[in-house]
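One line per chain: the protein sequences are V and B, in this order.
In terms of the working numbering, the first sequence opens at residue 5 and continues consecutively.
In terms of the working numbering, the second sequence opens at residue 1360 and continues consecutively.
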Amino acid sequence: MVRPSFAQLVGAFLVAGFWSIAPAQGTRGSEPGSDVSQVRQVRQPIALACLDGGRRIVVANGRSGSVSIIDTRTQRIVAEYPVARALADLALLPGANHLITLDSLANELLLLRNGDQSIEVVSRVKVSPDPIRLVVSADGESCVVASRWSRRLTFVTLSKPESSGMSPTVSMNGSLDLPFCPREMAMLGNGPAIVVVEAFGGRLAIVDARRRVIESVRTLPGHNIRGLAFDRNGRTLVIAHQVLSRLAQASFDDVHWGLLVRNHLRVLQTEALLRPGSDASLLEGGRLFDLGDVGYAAGDPSALTVDVKGNLIVALAGVDEIGITPSPAQAPRRTVVGRRPTGLAASPDGSVVYVADALDDTVSIVDIRTGQRLASIALGQRPDLTAAERGERLFSSAKLSHDGWMSCHSCHTDGHTSNLLSDTLGDGSYGAPKRIPSLLGVAKTGPWTWTGSMARLEDQIRKSIKTTMHGSDPTQEQVADLSAYLNSLALPSPAARAIGQSDSQAVARGRRVFEFQKCATCHAPPDYTSPKNYDVGLVDEVGNRQFNPPSLRGVSQRDALFHDGRARSLDEVFRKVRHPRDLVLSREEIADLSAFLGTL
Amino acid sequence: VKSARGKTLTSFIACTLAAFAVSSSANSDDSSSKSQPVGRGAPAGLAKRVLEITDAVLEHHIDPPTRQQMLLSGIKALYRKAGVRPSHDLSRRVSEVVTPEQFEAFLARTYPQSANQAVSAEALEEAMIEGLLQVVPGGAQMISAKERKVNEQFQGNRYVGLHIALAMDDQEKRPRLAEVMEGGPADRAGVKKDDTIEQIDGVDTKAMRLRDAVDRLRGEEGTSVTIRVRQPKAKEVRTLRITRGRLPHTTVRGVRKRSSGGWDVRIEGSDPIGYLQITEIAASSPHELRALARQLEVEGARALVLDLRGLHAVNLHPTVLLADSFLDHGSIGKVETAHGETIYQADSDALFRNWPVVALVDGATSGTAEWLAAALQDNHRAALVGVPTSSARGMPGADVQSPISVGDGAWSIILTTGRLQRGDGQPLGAELIGHEQDRSSNSSIHPLRAESTPKSGSAAIGQNRTGAGSKYGVKPDHTVGEATPAGTRPARPRGRDNGQELVPGSDEPLQKAMQILRESLRRTARADSGTGQK
């Protein structure tokens, strides 16, 4: 049972006061300390860390919200504790007595104590909605949480406990709004500079955590940035990401020769990173290395870590492998692990790396020197997968594509969109690259494709696999599973973005503008789309003028709008593009309309 | 066939195979016994097929003739083939044809009814189609769906087959192996150059048309064919089973081949200058370039000579991607088509960042290769060294050719579908209007550098690209040697056609390029030391 100290209670109260949200309610689900490793459930391990000098591994299970403990000597699960509704990320505090993790559904940061016999939740504090990553300073005294849909960083102070047996006090220390949905972060030493990268596209911000200001925002030529790691001396930052070419076509040739989607490790000089400047200056002195090659691609590079000997280890999530290399310039030695490896932890002695196989509910142990997979440890019993769960596996598998270059997730990142353009046969021909649509809420937005040519979602799924990914013809069951997965994808929370910014009067005025301008003719509620095509004064490069209106549900979370991404914000939709058909609105009307659309 | 006018051996095979189709068409009257004789009216559907071809030309050609011009030329060719003199008012009558129904009626009335009865209807139709294509500017060629697939395989550098070139042995009246690609399925099975093929899958090849032999030898990946071959004048007959497969060929290469595989990419050990030659622009070229760029980085190169001499290319898409590989933003160039114009903008990021680059060009650098050279020049990405390029020498070439499906897709027609222009809309062959800055700045080469880098860090070397005579295509910044007389295509640099080694010492343009790059590297080093950069 958790018995919070007086200091912790005070800390929690202060936090709650800061957020004006009720104090944390204590642990949900099973009693803390109770072992649920025998419970049949889907776990989805997403992060792990070594405890007790490598004698034990703690695994954060994203889906089940539990943490599993593995004895590395016996390679067995020794316990599993339910701590949250769902987990995102995990970090060890110096001294290894405490861990921090995130409850991504309750929007809480959890401080866990690594006790002799159990893992206990010692405090919970609210953070900005949809927390997805955290980074802890080298001294363990501060922590930053990135919240994806709310586009915000939350700064957390971890006060040192008065005595060694006590837990640190967690207190919120402010927040910072970002111009993009963040995901990965990296901190060099104790900061104050933090690298924060976009969850979907290629934007990268340098944030001064001390002053809580954004120093720079630049765009990397790439997207789907899933791994960040400073080298051991901090001189360079290695980034794992993908590149989608706007000029390439989704033809067999361009896919085969790695011209459409490529997978990379990019090395940036820390000096160039921290020095404000142009996008190009960010690349000064940097280098780009290919992951995989023709015939042997490495789709969806993901987590990165550097071991004590300086070896770089990268998860290749789409092809269910990891790569190990002493230098990014050297092609990694690749090892097959479980499905969708997305979390890595190298042992303190640098002998092995532990891999969280998210969609297999296993942890793989790989010998760093030989690349041999030594073991695969099942985290517990699992029920039969539902169609949507099978579909999730397919959605994130690059094995569905020719030679493993890409998965569905490569472009529809996390089911959303990379906001990039791609020249596929979705509109019937090459030559007019189109913005990749978000698939969140896609089930209700038929007909599909920009030209509304697909009446059945299943047909579009099949077509994408065959003519964009150039994979084998999918079976009917695979298509049905993928469709079930897409149907399960919920819209991003618009409220999350609008925290503290929503002006109900502006929203009401914006709704009236929407009605007065008859926007619902094409964007009809409740899904704010309609089955017909319309000519609204837009024409693409091959002469298409009739487009199916995209749903406006979740529109505020898209950073590129229209078929060719010509508007980068709702404001630009009306001010720059004057949609539809040169409609002229006043500045106030545009602001109100944007406020209303931001609530959808 | 411009689309098969590449310089490499494999392209030669494509060219040979394409040529078969033409020659066999021309000679098809030699085997016409089964065909319908003339004199029974126009074959069913001929009018429709002819109109579909003219539709394709009118819709997609950048500068199409009129439909009447094509029809008149086709009908004249039809009459010639039939040995019939056309009526004196044929031209007027054709000009009066407006609707498809009128043309069908017209063809039914005027289809040659007499004269040479031995000429088959098939041969007459081929003659008519060839005739109507004769007036299409830049030429045009009909290819079957199968031929198109093969062409696409070549362009994708993923041709599936035996990887040989066939010729007809006139004495033996059998197909002969003109070339056998090293490392290909035929080579690995033991086929030798000059072998005569006596049987294909048990079928005697005596008097077999080359086109039929090619058809029998082709097949899907992984399938096999058994051939019986013999060396000239040898008695020994060898029976070989060959599995059809792919053999990607090199389109970007270095200085010399290594015995261990791959290429040497540094010209001389003492200079950090790399050398890459593009011998063909295919789908694989950007990939090959990336791989060699990595090798150059690893081997310490910091400057590049890019050899575009002798490079003729017509495929736009891989050229766009290749240009994009070199450019960090900026306009690659413009393409005018029947449906409008497209300006291709490079994406961010580029290979050889911060490297000075010199591109070697000559009078044979043509088509999209010339467009690539112009893009490198206009974006200050490379200084051009050599002799002026092709387009303004009266040579055709600044065009894009594409296959266009005709009718139900059983046939395609290769047409000139686009005209290449510089990014600012100037034709490649026009005077260098809009590029005055180069004339005065004395800085014809600018390594691609980050914006934050002080200007003193960029190189400024060499001559500008002004000079006498502005009728050149892409005019080099540094002219080396005599310009080739207009209307002729200079020979490729000696010793580089068949995979032979580059001979830097005797290659004057290359020497000039290296001199420029050495100077550029020196200046950059001085500038960097002056600004405290490493």
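Using N, Cα and C, we set each Cβ at its ideal position, and we do this for glycine too.
Any chain B beta carbon closer than 8 Å to residue i
| i | result |
| --- | --- |
| residue 249/V | yes |
| residue 219/V | no |
| residue 235/V | no |
| residue 574/V | no |
| residue 589/V | no |
| residue 3/V | The structure shown does not extend to residue 3/V, since chain V spans only 5 to 604, so no value can be given for it. |
| residue 477/V | no |
| residue 294/V | yes |
| residue 257/V | yes |
| residue 594/V | no |
Neighbouring residues, chain V, relative to residue i (Cβ below 7 Å)
| i | result |
| --- | --- |
| residue 1707/B | 225, 283 |
| residue 1680/B | 251, 252, 263 |
| residue 1701/B | 545 |
Closer than 7 Å at the beta carbon, the chain B residues around residue i
| i | result |
| --- | --- |
| residue 2/V | The question about residue 2/V has no answer, for chain V in this structure spans 5 to 604. |
| residue 539/V | Going along chain B, no residue has its Cβ under 7 Å from residue 539/V, so there is no contact; the nearest lies around 18 Å. |
| residue 298/V | 1646 |
| residue 143/V | Those within 7 Å of residue 143/V in chain B number zero; the least Cβ separation is about 32 Å. |
Chain-ordered neighbours of residue i on chain B, where CB pairs are closer than 9 Å
| i | result |
| --- | --- |
| residue 253/V | 1676 |
| residue 287/V | 1687, 1707, 1708, 1712, 1809 |
Proximal residues of chain B, C-beta to C-beta of residue i below 8 Å
| i | result |
| --- | --- |
| residue 260/V | 1515, 1517, 1642 |
| residue 556/V | What residue 556/V touches in chain B: nothing, since even the nearest Cβ is about 29 Å away. |
| residue 371/V | None at all; the shortest Cβ gap to chain B is about 27 Å. |
Residues that residue i contacts on chain V, provided the C-beta gap is smaller than 8 Å
| i | result |
| --- | --- |
| residue 1683/B | 249, 251 |
| residue 1698/B | 546, 547 |
Assumed close pair residue i, residue j - CB separation to whole angstroms, cut-off 8 Å
| i | j | result |
| --- | --- | --- |
| residue 1757/B | residue 1715/B | At roughly 27 Å, the Cβ-Cβ gap does not stay under 8 Å, so residue 1757/B and residue 1715/B are not in contact. |
| residue 1588/B | residue 1600/B | At roughly 12 Å, the Cβ-Cβ gap does not stay under 8 Å, so residue 1588/B and residue 1600/B are not in contact. |
| residue 445/V | residue 493/V | 7 Å |
| residue 1686/B | residue 1738/B | 5 Å |
| residue 269/V | residue 332/V | 5 Å |
beta-carbon residue i near the ligand MN non-hydrogen atom, thresh 7 Å
| i | result |
| --- | --- |
| residue 483/V | With respect to the ligand MN, the structure offers nothing, as it holds no ligand at all. |
8 Å Cβ cutoff, residue i in contact with chain V
| i | result |
| --- | --- |
| residue 1649/B | yes |
| residue 1883/B | no |
| residue 1414/B | no |
Residue interval of the beta strand (DSSP E) (run including residue i)
| i | result |
| --- | --- |
| residue 1666/B | 1662-1666 |
| residue 118/V | 112-118 |
| residue 54/V | 49-55 |
| residue 159/V | 156-163 |
| residue 147/V | 146-151 |
| residue 319/V | 316-320 |
| residue 1584/B | 1583-1589 |
| residue 1534/B | 1533-1539 |
| residue 105/V | 102-107 |
| residue 551/V | Careful: residue 551/V lies outside any beta strand (DSSP E) and carries neither H nor E. |
Terminal residues of the alpha helix (DSSP H) in which residue i lies
| i | result |
| --- | --- |
| residue 84/V | Where residue 84/V is concerned, there is no enclosing alpha helix (DSSP H), although the beta strand (DSSP E) it sits in stretches over 80-86. |
| residue 346/V | Where residue 346/V is concerned, there is no enclosing alpha helix (DSSP H), although the beta strand (DSSP E) it sits in stretches over 345-350. |
| residue 1730/B | 1727-1737 |
| residue 1438/B | 1426-1441 |
| residue 4/V | For chain V, the structure presents residues 5 to 604; residue 4/V sits outside this window and is missing. |
| residue 1678/B | 1675-1685 |
| residue 396/V | 391-399 |
7 Å CB neighbourhood of residue i in its chain, flanking five on each side removed
| i | result |
| --- | --- |
| residue 575/V | 594, 598 |
| residue 1732/B | 1667, 1718, 1720, 1724, 1743, 1748, 1833 |
| residue 1630/B | 1873, 1877 |
Sequence-distant residues of the same chain with beta carbon closer than 8 Å to residue i, five excluded per side
| i | result |
| --- | --- |
| residue 586/V | 541 |
| residue 507/V | 599 |
Cβ shell of residue i (< 6 Å), same chain only, five flanking positions each side left out
| i | result |
| --- | --- |
| residue 1645/B | 1680, 1681, 1684 |
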